[in-house]
Amino acid sequence: MRLALQRRQRTRGSGEKGERLAVPAGGSRLREEEYLLMGETAAPAPSLHVEVEAEETPVKVRGLWAGYTGGHVALEDVSFSLERGSLVGLAGPNGSGKSTLLKVILGLHRPWRGSVHLFGETPASGRRRLGYAPQSELVDWSFPVTVADVVGMGRIGPMPGWPARRLWRRSGWEDGRIVRQCLERAHLEHLAKRAIGELSGGEQRRMLIARALAREPDILLLDEPMAGLDAASQHDMLHLFEDLRDDGKTLLVSTHDLSFVVECFNLALLLHRRVIAYGPPSQVLTRENLNATYEGNVLFLPPEGSDSSRQRRHG
Ligand SMILES: Nc1ncnc2c1ncn2[C@@H]1O[C@H](COP(=O)(O)OP(=O)(O)OP(=O)(O)O)[C@@H](O)[C@H]1O
Ligand SMILES: [Mg+2]
C-alpha cells in the first residue's frame, strides 16, 4: 500500500495551539484542575490497543490524560503497551499529541491522570533505560559544543543496569569507546569535532539519534527522526532501527511518513489525542482509520503499476 498525506485544505479545527477543548463525555469545557479532580465517572474514550502483558513490559501506558495550562487537552485516555523487540510507528497529524506522549513516557511532562510504567517502574526510575531524540526544532543549535560533546552527553546521568539511586560516576575510556561507536552507527565519525550549529538538518537528526544510543538504552523514543533526511539517509536509519529491534530494543518512532511504517515497522499506533488504532500496520492503516486520524486529509495512491497510477503519470 502506498500512502501520502495531503496538504490540509480546511480551516484549522479543534486541537490547534491554545484552543480549549471540550471533554467528549460531558460536553462541558473543563480547566486543568478540574481534570485533576475528575473521578472514575468520566466516561473513558473508546480506543483500540494491542494488549501486551509480559512480566517485564518495556512500556505500559494506562488511561493517560495530559495537556497544558489553560485546560488545553493533548492526550485523552491513551492506553497501550510496547513489547520487547518491537519497532512501532507513532503517526498522527500536527498537534495530535505525539511529542506530548513521548515526553510523558520520558517523565518530562506530568500527566493529569493515568499511569506510565517502564519495565514495571515509574518514569522517574525507569528512564535510565530510555534513550530519547527530541524533534530537532526543539534544540538550541547555536550552543557552542561539538557533535562528540553532545553524543557524550548521552553518557551523563543514571545508566541502564544501575541501581535506581546511583546518579553519577566518572567518565572514562569506556564512555569514549561507546561515543565513537555511536558516531559510527549514525555515520557521523567524520563530523565529531564539528560545532553543532554547522550541521545540516539531516546530520542534526543523526546526531540526536547517536546521543540517544550512547545511553545504551533498552527503549528508544525518537521524535520525527527521519524528517528532512534524503532517501539514502532514511534507508540507513531504517536499517539502524531494524538492527536495534533485532537486538531486542523497543523503539517508538513518531513519523509523518506512513509508507515507512507500512514497509518496515512491526506495529503502527495512530494517534489523534486518543488512540485511533494500534496493531500491525496492514490492519491499522486502513482507509477508515486514516480518515478518522487525519480528518479526511489523506491521499490514497493506487498500487504501483495499476492502470490508474499509469494514467496519472502519463496523462
Ligand atoms: N508547551 C506547550 N504549551 C501549550 N500547548 C502545547 C505545548 N506543547 C504542545 N502544545 C499543544 O498540545 C497539542 C499536542 O502537541 P504535540 O507537540 O504533542 O503534537 P505533535 O503530534 O507532536 O505535533 P507535530 O506533528 O506538529 O510535531 C497541540 O495542540 C499543541 O499546540
Ligand atoms: Mg511533535
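Using the numbering used here, the letters of the sequence shown map in sequence onto residues 1 to 315.
Backbone N, C-alpha and C fix where the C-beta goes; we use that ideal spot for every residue, glycine too.
What you are looking at is a predicted structure, and each value in this text was computed from that prediction instead of being measured.
Sheet register partners of residue i (DSSP bridge)
| i | result |
| --- | --- |
| leucine 295 | Looking at the sequence shown, residue 295 is not leucine but glutamate. According to DSSP, glutamate 295 bridges with nothing at all. |
| phenylalanine 80 | Val61 |
| arginine 113 | Trp65 |
| arginine 129 | According to DSSP, arginine 129 bridges with nothing at all. |
| arginine 245 | Answer is none; arginine 245 lacks a bridge partner. |
| threonine 250 | Ile219 |
| histidine 72 | Tyr68 |
| leucine 90 | Ser254, Leu269 |
| alanine 277 | Leu270 |
Near ligand 2: residue i beta-carbon under 6 angstroms from a heavy atom
| i | result |
| --- | --- |
| lysine 193 | no |
Close beta carbons around residue i, own chain, < 6 angstroms, minus the five adjacent residues each side
| i | result |
| --- | --- |
| alanine 192 | Val147, Ala148, Leu183 |
| leucine 87 | Phe241, Arg245, Leu251, Phe265, Asn266 |
| alanine 186 | Arg206, Ile209, Ala210 |
| serine 233 | Gly202 |
| leucine 222 | Ala133, Val253 |
| arginine 113 | Trp65 |
| proline 93 | Tyr294 |
Collapsed DSSP secondary structure at residue i in the structure displayed
| i | result |
| --- | --- |
| lysine 60 | strand |
| threonine 100 | helix |
| valine 179 | helix |
| leucine 208 | helix |
| isoleucine 105 | helix |
| glutamate 121 | strand |
| histidine 272 | strand |
| valine 147 | helix |
| histidine 187 | coil |
| alanine 367 | Outside the shown range of the chain (1 to 315) lies residue 367, about which nothing can therefore be said. |
| alanine 192 | coil |
| glutamine 234 | helix |
| tryptophan 173 | helix |
| valine 262 | helix |
| serine 318 | Any answer about residue 318 is impossible in this case: the structure gives the chain only from 1 up to 315. |
| leucine 290 | helix |
| leucine 213 | helix |
| glycine 197 | helix |
| glycine 154 | coil |
| glycine 85 | coil |
| glutamine 135 | coil |
| leucine 240 | helix |
| glycine 202 | helix |
Chain-order list of residues whose beta-carbon lies under 7 angstroms from that of residue i (same chain, five-residue window excluded)
| i | result |
| --- | --- |
| alanine 74 | Ala66, Gly67, Tyr68, Gly97, Thr100, Arg273 |
| phenylalanine 143 | Ile196 |
| lysine 60 | Ser81, His117 |
| methionine 153 | Arg211 |
| proline 111 | Leu64, Trp65, Ala66, Val104 |
| arginine 129 | Leu118, Phe119, Pro160, Pro217, Asp218, Ile219 |
| alanine 124 | Gly107 |
Proximity test, residue i beta-carbon vs ligand 1 heavy atom, cut-off 6 angstroms
| i | result |
| --- | --- |
| tyrosine 68 | yes |
| histidine 72 | yes |
| glycine 95 | yes |
Cutoff 8 angstroms; reference residue i; Cβ partners in own chain excluding five residues on either side
| i | result |
| --- | --- |
| histidine 109 | Ala66, Thr100, Lys103 |
| histidine 256 | Leu5, Ala91, Glu224, Ala227 |
| valine 145 | Ala195, Ile196 |
| valine 261 | Gly89, Ala91, Thr255, Ala268, Pro281, Leu285 |
Minimum Cβ-Cβ distance from residue i to chain B less than 7 angstroms
| i | result |
| --- | --- |
| leucine 183 | The question asks about chain B, but that chain is absent: this structure has only one protein chain. |
Kindly provide the chain-ordered list of residues whose Cβ lies closer than 6 angstroms to any non-hydrogen atom of ligand 2.
Lys98, Ser99, Gln135, Asp223
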